[in-house]
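Accompanying notes for the structure given below.
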Amino acid sequence: MDYRNALKKIELYELLTKEYNLFNPYVYLSTGIDSYIAPDEALKHWRGFLSDKNEPFLSLYVHVPYCEKRKCLYCMYNSRIIESESELGKYVGYLAKEASFFSGAFKNFHFKTMHIGGGSPTLLSEKLLKKLFSEINSNFSFTAGGSRTLEIKPTQVTDEQLAVAVSSGVNRISVGVQSLNPAALSNAGRDYADIDCLSRITDRLRSLGVDAVNFDLIAGLPGDSVDGFRDSFEAISQLGPSTINVYFFRLENSRYGEEARKNYITENSEDFAVRYLEATVDAASRAGYTNYSSNPFLNSQLFVRKDFVCLIGNQPTEWHPEMRNSMIGLGVGARSFMENAAETINFGPGGSAALGRVPNPLDPGFRFSDSVYRFSRREPADRMRDFVLKAFYKTGNVSRSLFKTVFGLEIESVFRDEIETLQNLGKLSVGDDSIEMLCDGFEKAVLSKFFYNQEELISVAKRPRGEIIIST
């Protein structure tokens, strides 16, 4: 590619990055919708995928897509406001049937991690939590020492729920704090949990023998500021959680009204992620936490207490971040991955979740047997491109030898033009094994688009939703 043509492409990619928020384009372009399938077909795909596997890195995710009273404005996930305890009981019954249905495909395997999220899993009563854990433990086997996580809402969880979770095998708790700024949480429509509430939860978990406690924070919420967020992080770090996960707020994915959006634009300039990250890294270092990434255009940043020995599956350096490990997701809206080969999404009975609606479990048609899964097969070209871009985004460089081990090809035989173009622009350093991107942040988001077909990128915003046709 000649130099002038490359510069023209950069102008286009800058526009696409700003206008369409395509910072990580592989999120949008890595899969092609093949079909909508019934549970029997989804099970068949899992059996086929696992047929030649020995000890794959398997994760289990269980989704509880229900919230109490209202949905937080920053949340971009599908959820339903719960109206009765009977809804939750019916939903746990649905999860039990789905777990039993898929368990046969995994009878010879051990899951290294488990995560129960939502929504708000702590909406489930002690009785329903016991039933859910009983179903999980009777249908699946787990690796000793693996991470088994329950998400909790701090203003909702009880000591009894924590005791049930720990006695059922949970060894890691993730606390959805989001912010210690009352104004920011009020703007978001979320209940405020003060530092005393969080301290009581931390103490209770330690009394139960759980040291793996994660706190989630969101940087850049409307009503917050860099200084305010730093104060939240510093206060949280004084409690000594094992990890603090910082997510960057994205306005375009939220449900905030016009007034909050105006305030957000005033208080948070385009480079807010960079400013928040710089402030947080400084606070984390002083508090004894290590940051595993410095790219503000990742969705989140993980800070780990320096003396904490991570559980299996909770260690950022345990596996190559270029690889997407296999995970089966249970529940309406849950996503499953078959190690870079395919993915499915459970759209629930009748496929209603495909339209952004979480169905009411009390509806007469809410039956697991009527569930619809979206199945997307990953083409080899998608898998290789994702591998390279995830390596650039998460570690800054890609390993030639690892690429060949995974795909059986030399990386230059697949991406010669892209590598040479970026090298000629002075943005790529090519060593004996490592190929390193010599830029970060917004520039990396722009230049990574050289690995895509230009027409593909332009078509992202115009991609129509397909009609649901169930394949049986």
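Residue numbers for the sequence shown follow this note's numbering, so the first one is 19 and each next one is one higher.
Think of the CB as a built atom: it goes at the ideal place given N, C-alpha and C, for glycine as much as any other residue.
Predicted model only: the values in this text are computed from it and were never measured.
Under the rule that 16 or more other beta-carbon atoms within 10 Å means buried, what is residue i, buried or exposed?
i	result
Val-80	buried
Met-132	buried
Gln-256	exposed
Arg-98	buried
Ala-352	buried
Pro-240	buried
Glu-340	Residue placement at Glu-340 is flagged as unreliable, the pLDDT there being 44, under the threshold of 50; the coordinate-derived value follows with that caveat. Glu-340 is buried by the Cβ-count criterion.
Ser-260	buried
Asn-126	exposed
Glu-101	exposed
Lys-408	buried
Lys-87	exposed
Asn-72	exposed
Gln-196	buried
Gly-164	buried
Ala-463	buried
Thr-220	buried
Val-175	buried
Rounded to a whole number of angstroms, what is the C-alpha to C-alpha distance between residue i and residue j?
i	j	result
Gly-258	Tyr-470	43 Å
Tyr-310	Val-299	10 Å
Gly-194	Glu-32	34 Å
Ser-287	Ala-297	For Ser-287, the predicted model reports a pLDDT of 48, less than 50, meaning its position is unreliable; a value from the coordinates is still stated below. One C-alpha to the other measures close to 15 Å.
Asp-400	Leu-76	21 Å
Ile-476	Thr-413	27 Å
Ile-55	Ser-344	19 Å
Glu-474	Leu-34	12 Å
Arg-190	Asp-249	25 Å
Gly-246	Asn-199	7 Å
Ala-24	Ile-429	21 Å
Pro-482	Ser-53	A caution first: Pro-482 carries a pLDDT of 47, below 50, which makes its placement in the model too unreliable to give a value.
Leu-223	Gly-187	13 Å
Glu-103	Leu-146	10 Å
Glu-436	Val-448	12 Å
Gly-366	Arg-385	9 Å
Cys-90	Ile-236	12 Å
Val-82	Arg-434	45 Å
Ser-387	Ser-394	20 Å
Using alpha carbons as the reference points, say which of the options lies closest to residue i.
i	options	result
Phe-468	Asp-450, Gly-369, Ser-452, Gln-441	Gln-441
Arg-218	Thr-173, Tyr-95, Ala-201	Thr-173
Gln-319	Leu-373, Pro-382, Tyr-411	Tyr-411
Gly-347	Leu-91, Met-94, Val-228, Ser-121	Ser-121
Asp-234	Ala-352, Lys-171, Met-356, Leu-147	Lys-171
Tyr-307	Thr-362, Phe-433, Phe-251	Phe-251
Ala-372	His-63, Tyr-95, Ser-466	Tyr-95
Lys-108	Thr-423, Asp-451, Leu-380	Leu-380
Pro-57	Phe-433, Tyr-391, Ile-100	Tyr-391
Leu-142	Ile-254, Gly-163, Glu-105, Lys-130	Glu-105
Leu-329	Ser-159, Ser-225, Asn-232, Gln-196	Asn-232
Leu-61	Ala-123, Arg-88, Tyr-92	Ala-123
Pro-139	Val-110, Arg-293, Phe-160, Ala-201	Val-110
Ile-262	Asn-332, Val-376, Asp-212	Asn-332
Arg-65	Ala-206, Cys-215, Phe-119, Val-464	Phe-119
Val-292	Phe-460, Val-424, Ala-117	Phe-460
Thr-423	Phe-405, Tyr-274, Ser-165, Asn-378	Phe-405
Leu-456	Ser-419, Cys-215, Asn-415	Asn-415
Cys-93	Gly-164, Val-464, Arg-166, Tyr-265	Tyr-265
Gly-369	Pro-382, Ala-359, Asp-177, Ser-389	Ser-389
For residue i, name the three-state secondary structure that DSSP assigns.
i	result
Asp-212	coil
Gln-256	coil
Asp-381	coil
Asn-364	strand
Gly-238	coil
Ser-121	helix
Asn-199	coil
Asn-471	coil
Asn-72	coil
Asn-189	coil
Gln-174	coil
Lys-492	Residue 492 cannot be examined here, being either before or after the span of the chain that is shown, 19 to 490.
Gly-111	helix
Ala-372	helix
Lys-149	helix
Ile-262	strand
Tyr-310	coil
Lys-408	helix
Gly-453	Checking the displayed sequence, the identity of residue 453 turns out to be Ile instead of Gly. Ile-453 falls in the strand class under three-state DSSP.
Lys-130	strand
Val-82	strand
Arg-395	strand
Met-402	helix
Gly-66	helix
TODO: Specify whether the stretch 169-187 and the stretch 138-152 touch according to this definition: at least 3 beta carbon pairs, one from each stretch, less than 8 Å apart.
DONE: yes
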